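Residue numbers (full-length UniProt numbering): 1 to 700.
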């Protein structure tokens, strides 16, 4: 059996352990050809010469060489993009050639997504399923076509803002092909590279060399490579020269085989030394890289010297108490760091106490994540240190017993106004009764913003009812993550009914097992009715249910991400890919709508009296994703002013936008009782009336 799933763009903020688990499965994502433009109509296609001359979609008539040539010729025809992005059609308005273009990207496992107006993200996915459908040499041609297509996209588009490469594309010979196009594209600001350590060792990786030549890079993430100290030092030296770099991440990067232990102490030493005086670096992550004591000491030096670093993640690195004590000393003089993650290291109560006591003189650090630390001595030194420094709200620990969870549940009402998030890790043992009482207590917390439950347990009908009540009562909960849950159909239906009426949850990531038909229908009904949910998953359905799911999603323009897997064999894979593409096409449409609404808010006069752009803005202006994107583009202060300006423009031109004035003459008959007629109202009165009317409220 094989599984195919749609995966959202990296949602950020997740632990690397969960990211590893998600990426361990075979992932296939169908994607729409999403691009951007500042054209007036949000749902029309730009009449460009490059589209008019696009050839018909190629048909694979057998013969690997002829098929490869046809696809490459066709790829070149639509990769000749102008300097700015073209406006994109919606799913309903797309031309046949647009569907053909997107179908090619689907087959090559390449996703193009609009993340901001005028900015694209290109993401590649695992090619294993694609290659499994062909035998050699056709599999080689399929891989070659995909690599050349990606190379043409990087060379043709000048609005690519972010690039995410899968291990198949980051492989050595493919990386040589892409290195020139990556280094020549000056618009790329964010790069994510994922490798596989058992095959990604090279003294000088061509893609890393090309990245070092990019002078406008803002964030860099390198995961799963064999990197020696010289490579890391070279990357660090380049980052030190590029003053625009704000985020750097190294994860699961191993020591090269046969290099010996002399390489390990130098892994982060050189990187930390060159970043000490970096003026723009704000986020640094070095996780699962087996750091030694020398690296911990270098990290402490970095904290002492760098005055701009806001977030440092050193989790899962085997840092011991000596390294923790050295880092604690640096925290006493640091004046900028807000979050420090030292979870899943080799810390005992001695290192943890030193870190907690450092918080007494450091009032800037808001979050210190230690995770599991043994504190079972009779005098309980860690608990005493937390009491002395009054740092309970700034230090994140975890407990792993029924008694601890029940004690937590009893203490929640006493601190209801202070609790904003709850996280139960994988080592916590919780039964259905504990879960039920926990949901009851959480429903009384008005400020709860995040709920993360990683523990493995069951949700029965009574626990499901309490969870549904929590979803109905909460007004602040925005993020829910639940994994390893077994839910019976009755409980799941109850939870989905509560989620359908919820108006605060934006992100809900759940991992259910195989669902029955009734469960799938309950989820579909929730996705159709909920008006705030942006991301939902992970659900597993039958292949025939994918088409129904895509159909139900079309009526909701809010969700932009849905993680869904279909159980199928290799012969059903092409059909599942097409159906998965339909779901991703709806997400592409919703993302395009959100970007068009942002463009309308930024400059409503440019759209004149067009109804469709105004209707898109009116529909999404209360949506949280629209608010966040608008704040990101124009700033928090300018977002509210932009919305007011756009609404004023709609109010002044509403009758013209809806066609009331232009299509039919307005006739007002005298009122029999001599009351004031609507045709003699002044401009101020008209504006007061139309301020309560949306574009979609008037149908002519």
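Here a beta-carbon is modelled for each residue, glycine too, at the ideal position from N, C-alpha and C. All of these numbers come straight from a predicted model, not from anything done at the bench.
Any idea what DSSP makes of residue i, helix, strand or coil?
i           : result
residue 326 : helix
residue 174 : helix
residue 496 : helix
residue 168 : coil
residue 222 : strand
residue 336 : coil
residue 429 : coil
residue 566 : strand
residue 486 : strand
residue 296 : helix
residue 437 : helix
residue 649 : helix
residue 504 : coil
residue 181 : helix
residue 277 : coil
residue 688 : helix
residue 625 : helix
residue 561 : strand
residue 761 : The chain is shown from 1 up to 700; residue 761 falls before or after that span and cannot be answered.
residue 633 : helix
List the residues that DSSP assigns as beta-bridge partners of residue i.
i           : result
residue 526 : Note: residue 526 sits in no beta bridge, so no partner.
residue 509 : 481, 537
residue 119 : 116
residue 283 : 247, 311
residue 341 : 313, 369
residue 110 : 124
residue 162 : 121, 190
Please classify residue i: is it buried, with 16 or more other beta-carbons within 10 angstroms of its beta-carbon, or exposed?
i           : result
residue 285 : buried
residue 213 : exposed
residue 109 : buried
residue 420 : exposed
residue 215 : exposed
residue 555 : exposed
residue 577 : buried
residue 564 : buried
residue 544 : exposed
residue 335 : exposed
residue 637 : exposed
Compute the Euclidean distance between the alpha carbons of residue i and residue j, then round it to the nearest angstrom.
i           : j           : result
residue 471 : residue 152 : 47 angstroms
residue 348 : residue 320 : 8 angstroms
residue 696 : residue 654 : 10 angstroms
residue 440 : residue 368 : 28 angstroms
residue 344 : residue 691 : 55 angstroms
residue 247 : residue 189 : 11 angstroms
residue 603 : residue 642 : 8 angstroms
residue 221 : residue 311 : 15 angstroms
residue 698 : residue 502 : 28 angstroms
residue 185 : residue 639 : 31 angstroms
residue 694 : residue 390 : 51 angstroms
residue 649 : residue 573 : 49 angstroms
residue 438 : residue 467 : 9 angstroms
residue 608 : residue 509 : 40 angstroms
residue 371 : residue 155 : 45 angstroms
residue 209 : residue 163 : 16 angstroms
residue 75  : residue 535 : Confidence in residue 75 is poor, its pLDDT being 49 and thus under 50, which makes the residue's placement too unreliable to answer from.
residue 174 : residue 194 : 14 angstroms
residue 116 : residue 436 : 41 angstroms
residue 178 : residue 328 : 43 angstroms
residue 118 : residue 561 : 20 angstroms
residue 290 : residue 507 : 32 angstroms
State the start and end residues of the unbroken beta strand (DSSP E) segment that holds residue i.
i           : result
residue 458 : 457 to 459
residue 250 : 247 to 251
residue 707 : The chain is shown from 1 up to 700; residue 707 falls before or after that span and cannot be answered.
residue 367 : 367 to 371
residue 450 : 450 to 453
Looking at the unbroken alpha helix (DSSP H) that takes in residue i, where does it start and where does it end?
i           : result
residue 208 : 206 to 211
residue 576 : 573 to 602
residue 424 : It is not in any alpha helix (DSSP H) - residue 424 instead sits in the beta strand (DSSP E) that spans 421 to 424.
residue 616 : 611 to 620
residue 397 : First-last for residue 397: 395 to 397, but that is the beta strand (DSSP E), not the alpha helix (DSSP H).
residue 350 : 349 to 358
residue 551 : 543 to 553
residue 385 : 381 to 389
Is any beta-carbon of chain C found at less than 8 angstroms from that of residue i?
i           : result
residue 345 : Absent from the structure: chain C. Only one protein chain is present.
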